[in-house]
Amino acid sequence: MSESMGPSEVFQERLRTAREFRELSQGELAQRAGLQASAVSHFETGTRKPSFDNLKRLADALKVSTDYLLGRTSEMEATVASADRLHRHYSGLSAEYQEMADEFVQMLAQRAQQKKDAGGQ
Amino acid sequence: MTRRSDPLLKVKWEADKLLQDLGINSLPIDPFQIADRLGIALQAMPSSMGGASGMLIHVAGQFGICYPTHVGSDGFKNFSVGHEIGHYRLPGHIEAVLDANGRHVSAAGFHSSNRYELEADHFAAALLMPSRLVGPILKKAGDGLAGVEALATECETSMEAAAIRFAHLCPDPVAVIRSQGVTIDYAFMSNSLRDFDGLDWIRKDSPLPTESGTREFNLDGANVLHGKRISGDSTLQDWFGGPHRQKIIEETVGLGAYGKTLTILTGMQPPDEFQRDDDENDDEDEGLIESWTPRFQR
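Residue numbers (the numbering used here), protein chains in the order written: chain G, 24 to 144; chain P, 1016 to 1313.
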């Protein structure tokens, strides 16, 4: 996988790999993820870009991590949770804000771990 | 006259689809409940953080939204959460909001030139004020500031978001301008106003017209701070240049501690009608010129 690939391009490739690993057709995966039948085909060919919501649904349906689908880890079931803070002018945030965000990240990481322990991804 | 297509139609469609998916059919739309139903955790930011804006956080398939509280009004909070849900739901925002380090690096607000921030803003507006539900409100409240206020109240959103939504939904020629001091932050024109020929589009950071009531209003900061309002006449030419001197209604309201001012321009006649009026006015002007021209100069 090229390092110059954008998240959407990486997603295309990883989605197909994970789907084939789980031995699912595009239609079967779409149904499991609660998406339109043609959606997976569009994602894999790059004619449609995914949303975070799509990402989450597909990761859940495939029982892989979102980080895997985004190309952040080569392990399908990642153990290390990386956090994306999707913020405007992130680098300019105050120390107070960053501290609060870090605590929130910890809470979300706990949630992710609990879900995994409960048999999720 | 050519009707321009709306480049944000797909964004609004996505907002409407989310409401349909969740079976939400009545106002006010509660974005906190929507976030909860999508499995997104919410975290209020202390008001001491001032003007810092919201954040969508993703950790291993878990999502969370931090939302600002410094403006106090529920409308502002609702809009902030709606904006982040937009980033979550809109196709392509994964790529747009993540740089190589996985962080969001763009600018905010309806005045943003960043396409994805603008899309998230319009998603929030369409989510909180779906066209199929707000039509009766606008019909009842009427045009201008009254319509905007009714929209903001019934939909529990900010005046600014309501005004922009109003400009998008209103079939009549209207404009919404946000300003601070003597400077225009941005302006939105309804589709039917965009169809007027010969108008200059108001540019960001351009000065308020010297003859406008809004400029005078903004000179006194207390007007803005205390949410005062004025209503008066100005002309289409004052705001948009061009050849048309028709009178229009200018309504102005201060947005309080936010420090901004909202101006709603209405009462504009369609081009063919005011062109006819202008021609008549030109005849009157010619008559006036005629009466003042000394006979001996002919």
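Glycine is no exception: its CB is placed at the ideal position from the N, C-alpha and C atoms.
Test: residue i CB closer than 8 Å to a CB of chain G
i         : result
Val1086/P : no
Ile1199/P : no
Leu1053/P : yes
Ala1075/P : yes
Cys1081/P : yes
Pro1022/P : no
Ile1049/P : no
Ile1072/P : yes
Ala1056/P : yes
Asn1091/P : Here residue 1091/P is Phe; the residue named in the question, Asn, does not match the sequence. Not one chain G Cβ lies under 8 Å of Phe1091/P.
Lys1027/P : no
Phe1078/P : yes
9 Å Cβ cut-off: residues of chain B touching residue i
i       : result
Met99/G : The structure shown contains no chain B; the protein chains it does contain are G and P.
Residues of its chain near residue i, where Cβ-Cβ distance is below 7 Å and the 5 sequence neighbours each way are ignored
i         : result
Asp1253/P : Pro1224, Glu1226 and Ser1227
Gly1117/P : Because Gly1117/P carries a pLDDT of 45, less than 50, the predicted location of this residue cannot be relied on, and the following value inherits that uncertainty. Answer for Gly1117/P: no residue qualifies.
Cβ neighbour criterion (16 or more within 10 Å) applied to residue i
i         : result
Thr1267/P : buried
Asn1238/P : buried
Arg1147/P : exposed
Asp1136/P : buried
Thr96/G   : buried
His1102/P : buried
Met1283/P : buried
Trp1028/P : exposed
Val103/G  : Residue confidence is low: Val103/G scores 49 on pLDDT, short of 50, so the model does not pin down where it sits. Its coordinate-derived value is still stated next. Val103/G comes out exposed.
Met28/G   : exposed
Ala141/G  : exposed
Ser1041/P : exposed
Gln133/G  : exposed
Gly1159/P : buried
Ser48/G   : exposed
Leu1037/P : exposed
Val128/G  : buried
Glu1299/P : Caution is warranted here: a pLDDT of 41 is assigned to Glu1299/P, below 50, making its placement in the model unreliable, and the coordinate value is therefore given only provisionally. Exposed, by the Cβ-count rule.
Glu1099/P : buried
Interface flag, residue i vs chain P, CB-CB below 8 Å
i        : result
Met28/G  : no
Ser25/G  : At Ser25/G the pLDDT is 48, less than 50, meaning the model places this residue with poor confidence and gives no usable figure here.
Val128/G : yes
Leu47/G  : no
Ala41/G  : no
Ala118/G : no
Distance, residue j Cα to residue i Cα
i         : j         : result
Glu67/G   : Lys1032/P : 23 Å
Val87/G   : Ile1245/P : 58 Å
Leu1184/P : Ser1062/P : 33 Å
Ala1056/P : Leu1024/P : 28 Å
Gln121/G  : Arg80/G   : 28 Å
Leu1234/P : Thr1276/P : 11 Å
Pro1315/P : Ile1199/P : Absent from the structure is residue 1315/P, since the part of chain P shown begins at 1016 and ends at 1313.
Ala1176/P : Phe1255/P : 23 Å
Ala41/G   : Ser74/G   : 18 Å
Met1144/P : Ile1264/P : 25 Å
Gly1079/P : Leu1071/P : 6 Å
Ala124/G  : Glu1171/P : 27 Å
Leu1053/P : Asn77/G   : 11 Å
Ser117/G  : Val1149/P : 39 Å
Ile1192/P : Met1174/P : 12 Å
Ala1156/P : Leu1166/P : 9 Å
Pro1258/P : Leu1133/P : 32 Å
Thr70/G   : Gly1107/P : 11 Å
Leu38/G   : Gly1162/P : 47 Å
Gln54/G   : Leu85/G   : 12 Å
Val1197/P : Ala60/G   : 54 Å
Ile1179/P : Arg45/G   : 47 Å
Ala1202/P : Ile1217/P : 6 Å
Ala1122/P : Ile1039/P : Note that Ala1122/P scores 44 on pLDDT, short of 50, meaning its location in the model is unreliable; the coordinates nonetheless yield the value given after this. Near 30 Å, if we compare the C-alpha coordinates of Ile1039/P and Ala1122/P.
Pro1285/P : Pro1188/P : 7 Å
Lys72/G   : Gln1261/P : 47 Å
Ala1030/P : Arg1104/P : 8 Å
Glu51/G   : Arg1209/P : 47 Å
Beta-carbon contacts of residue i that lie in its chain and below 8 Å, excluding the five residues immediately before and after
i         : result
Ala82/G   : Ser88, Thr89, Tyr91, Leu92 and Gln144
Gln1058/P : Gly1079, Ile1080, Cys1081 and Tyr1082
Gly1242/P : Val1268, Gly1269, Leu1270 and Gly1271
Close Cβ partners of residue i (< 6 Å) along its chain, the five nearest in sequence each way excluded
i         : result
Pro1043/P : Cys1170 and Glu1171
Met1204/P : Ala1190
> Quick one, which residues of the region 70 to 92 of chain G are near chain P if we go by CB-CB under 8 Å, in chain order?
Replying inline: Result list: Arg71, Lys72, Pro73, Ser74, Phe75, Asp76, Asn77, Leu78, Lys79, Ala82, Asp83, Ser88, Thr89 and Asp90.
> Listed from N- to C-terminal order along the chain, which residues in the region 54 to 65 of chain G have their beta-carbon within a distance smaller than 8 Å of any beta-carbon of chain P?
Replying inline: For the region 54 to 65 of chain G, the beta-carbon criterion of a distance under 8 Å to any beta-carbon of chain P is satisfied by none of its residues.
>> For the region 131 to 142 of chain G, list every residue whose C-beta sits within 7 Å of some C-beta in chain P, in sequence order.
In response: Along the region 131 to 142 of chain G, going in chain order, the ones with a CB nearer than 7 Å to a CB of chain P are Leu131, Ala132, Arg134 and Ala135.
>> Under 7 Å, CB to CB, which of the residues in the region 1096 to 1110 of chain P have a partner in chain G?
In response: Of all residues in the region 1096 to 1110 of chain P, His1102, Tyr1103, Arg1104, Leu1105, Pro1106, Gly1107, His1108, Ile1109 and Glu1110 have a Cβ within less than 7 Å of some Cβ in chain G.
> Can you list, in chain order, the residues of the region 1195 to 1219 of chain P whose Cβ is nearer than 9 Å to any Cβ on chain G?
Replying inline: Within the region 1195 to 1219 of chain P, no residue has a Cβ lying closer than 9 Å to any Cβ of chain G.
> Mind listing which residues of the region 1173 to 1188 of chain P have their C-beta closer than 9 Å to chain G's C-betas, in chain order?
Replying inline: Within the region 1173 to 1188 of chain P, no residue qualifies.
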